[in-house]
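Reminder that position 80 of the sequence shown reads as 80 in full-length UniProt numbering, one-by-one numbering, no gaps.
What follows is a short report on a single structure.
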Amino acid sequence: MGIQKKQATIRKVNDEEKKKDNEQIEKVRTLRSLASLNTDEDAVHYLNEHQWDLEKAAEAVFALNSDPQITMKNKKVDSALILLLLPDNTTHTFDMQASQTFWELYGQTLRVAPELRRKNFTFVLPDGVALQENEFNQTLEHCGCAPEGSVKV
1 MGIQKKQATI RKVNDEEKKK DNEQIEKVRT LRSLASLNTD EDAVHYLNEH
51 QWDLEKAAEA VFALNSDPQI TMKNKKVDSA LILLLLPDNT THTFDMQASQ
101 TFWELYGQTL RVAPELRRKN FTFVLPDGVA LQENEFNQTL EHCGCAPEGS
151 VKV
């Protein structure tokens, strides 16, 4: 019986390690896509620097790539790549139009997280501003989420 317990423990540890590896692979893919990084190594570097917190790593990349001379408000942006961070720390990426409102993001959120249907929630923008339901009529572009942005539920 002792050997079987040890084998079960080893399998459990291996399963947990595989799950963690899969989560890290997904974070690398998401960060590369969202921030247009060239290599997995670049994504891993930023994620390691921020303890594998995808939102913080993305914000760091965006901060480095932002040029104060060029603001998105001066450019016409048609699309928005949105990284959505849910309360259970899962992430989803949506390719949306910059002219879409947070009501459309709300609909997308409920499709991927139906358990939120019975709860009131806000969208928290990268600058820390929390949008209440009465503010969901704002466009992604207006709130600085185009061409890309992260939104926390």
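Glycine included, every Cβ here is placed at the ideal spot set by N, Cα and C.
Relative to the Cα of residue 140, the nearest Cα in the group 85, 112, 120 and 78 belongs to 78. The DSSP-derived three-state label of residue 44 is helix. For residue 107, the three-state secondary structure derived from DSSP is helix. Shown here for residue 85: same chain residues with a beta carbon closer than 8 Å to its own, the five before and five after excluded, namely 54, 55, 91, 150, 151, 152 and 153 in chain order. In the three-state DSSP reduction, residue 80 falls in the strand class (E or B).
One thing to note: residue 47 has its Cβ within 7 Å of the Cβ of residue 57. DSSP places residue 33 in the uninterrupted alpha helix (DSSP H) bounded by 2-35. The residue among 42, 28 and 41 with its C-alpha nearest the C-alpha of residue 83 is 28. The beta carbon of residue 50 sits closer than 7 Å to the beta carbons of 56, 57 and 60 from its chain, once the five residues preceding and following it are set aside; these are given in chain order.
Closest by C-alpha distance to residue 24, out of 36, 45 and 5, is 45.
The beta carbon of residue 136 lies closer than 7 Å to those of 101, 102, 103 and 106 in the same chain, with the five residues before and after it left out. Per DSSP, reduced to three states, the secondary structure at residue 148 is strand.
DSSP, read as helix, strand or coil, puts residue 124 in strand.
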